[in-house]
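Q:
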Amino acid sequence: MHAVIYAIIKVACCCYILIFANILYLFHCVVYISS
């Protein structure tokens, strides 16, 4: 049971990191274009 919970947390963390990285990347692109 705990293994399933840990697996879900790991996947959620990976997704969060990927989304956060994409947002940062887009933000840098916007700053680069507007500057």
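Residues 155 to 189 (this note's numbering) are what the sequence shown spells out, left to right. For every residue, glycine included, the Cβ atom is placed at its ideal position computed from N, Cα and C.
Identify the continuous alpha helix (DSSP H) that holds S188 and give its terminal residues.
A: Note, S188: alpha helix (DSSP H), H156 to S188.
Q: Suppose you measure from the CA of A166 to the CA of I173; what does that come to, to the nearest Å?
A: Near 10 Å, if we compare the C-alpha coordinates of I173 and A166.
Q: Rounding to the nearest angstrom, what Cα-Cα distance links Y186 and I171 in this structure?
A: Cα to Cα, the separation comes out at about 22 Å.
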